[in-house]
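Numbering (the numbering used here), first residue to last: 11 to 214.
What follows is the structure in structure tokens.
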């Protein structure tokens, strides 16, 4: 027969999957780190968060998906941290299998990092590749200014930027410049932490 299987796949080579309750899945954790929630600029600062996590037969995380979070701007940062967790292989009939579960967390975007936003001088000290904005020619005047509020996570990723004060219409040019900057997290007791900051620009 065209579809005849001449040699069945050994059990230890078969790809099987198990959906586990949260407590059982957490018991497989070998290495985890408390999630360092980024300091969002607006929206909910605390609340619930749930993530779908799947691991392969060796216990390596292969997928992390946010299902519900009180503030979606925290999703990417939390996902990058959860994907680094390490698990023991899940066993079914004594054989390692793929496993998946849904884990719940308490989100608190003010638990880590400085309580107040950094000022322009402080944040520029944590930046490399600080290119300046290219303002639209003929549409701005010398001395016009704008500020941008940013949120940087504990790995130095820019997760959010919103207009601050200043001359209307300059935000886009300022944001395009900031999006090219390389940020470092702030260190507190030697540990990388997230922060908010206000960055200021002035038209020459």
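C-beta: ideal position from N, C-alpha, C; glycine also. For clarity, every value in this text was computed on a predicted model and none was experimentally measured.
For this session: Leaving out five residues on either side along the sequence, give the residues of the same chain with a beta carbon under 7 Å from the beta carbon of residue 85.
Result: Only 76 and 79 meet the Cβ criterion.
For this session: State the start and end residues of the unbroken alpha helix (DSSP H) segment that holds residue 165.
Result: In this chain, residue 165 is not harboured by any alpha helix (DSSP H), its DSSP state being neither H nor E.
Exercise. Can you give the Cα-Cα distance for residue 58 and residue 113, rounded to whole angstroms?
Worked result: In this structure, the CA atom of residue 58 is about 11 Å from the CA atom of residue 113.
Exercise. Short check: CB of residue 127 to CB of residue 208, under 8 Å?
Worked result: Cβ distance < 8 Å, so residue 127 and residue 208 count as in contact.
Exercise. With distances taken from CA atoms, which of 65, 192, 74 and 142 is nearest residue 155?
Worked result: Looking at the Cα atoms, 142 is the closest of the given residues.
Exercise. When you compare each of 162, 161, 48 and 213 to residue 151 by their alpha carbons, which one comes out closest?
Worked result: Closest by alpha carbon: 213.
For this session: For the beta strand (DSSP E) holding residue 211, just list the boundary residues, first then last.
Result: DSSP places residue 211 in the uninterrupted beta strand (DSSP E) bounded by 205 to 212.
Problem set entry | Which listed residue (28, 160 and 190) has its alpha carbon closest to that of residue 67 | Checked all of 28, 160 and 190; the closest Cα to residue 67 is 28.
For this session: Identify whether residue 89 lies in helix, strand or coil by the three-state DSSP scheme.
Result: Of the three classes helix, strand and coil, the one that applies to residue 89 here is helix, per DSSP.
For this session: Could you work out which residue in 109, 189 and 98 is closest to residue 73 when comparing CA atoms only?
Result: Ranking the options by Cα distance to residue 73, first place goes to 109.
Exercise. Excluding five sequence neighbours on each side, which residues of the same chain lie with their C-beta closer than 7 Å to the C-beta of residue 98?
Worked result: Only residues of its own chain outside the window of five on either side were considered, and among them 38, 40 and 69 have a CB closer than 7 Å to the CB of residue 98, listed in chain order.
For this session: My understanding is that residue 158 touches residue 173, with C-beta atoms under 8 Å, so please give their C-beta distance in whole angstroms.
Result: Contact flag correct, Cβ pair sits at about 7 Å.
Exercise. So what does DSSP say about residue 26, is it helix, strand or coil?
Worked result: The answer is coil: DSSP assigns residue 26 none of H, G, I, E or B.
For this session: Measure the beta-carbon distance from residue 204 to residue 123 and round it to whole angstroms, keeping in mind my assumption that it falls under 8 Å.
Result: With a Cβ gap of about 5 Å, residue 204 and residue 123 count as contacting.
Exercise. Roughly how many whole angstroms lie between the Cα atoms of residue 210 and residue 176?
Worked result: Here the alpha carbon of residue 210 sits roughly 9 Å from the alpha carbon of residue 176.
Exercise. Mind pulling the alpha helix (DSSP H) runs of 4 or more residues that sit fully within the segment 26 to 91?
Worked result: Counting whole runs of 4 or more residues, the segment 26 to 91 contains the alpha helix (DSSP H) stretches 32 to 36.
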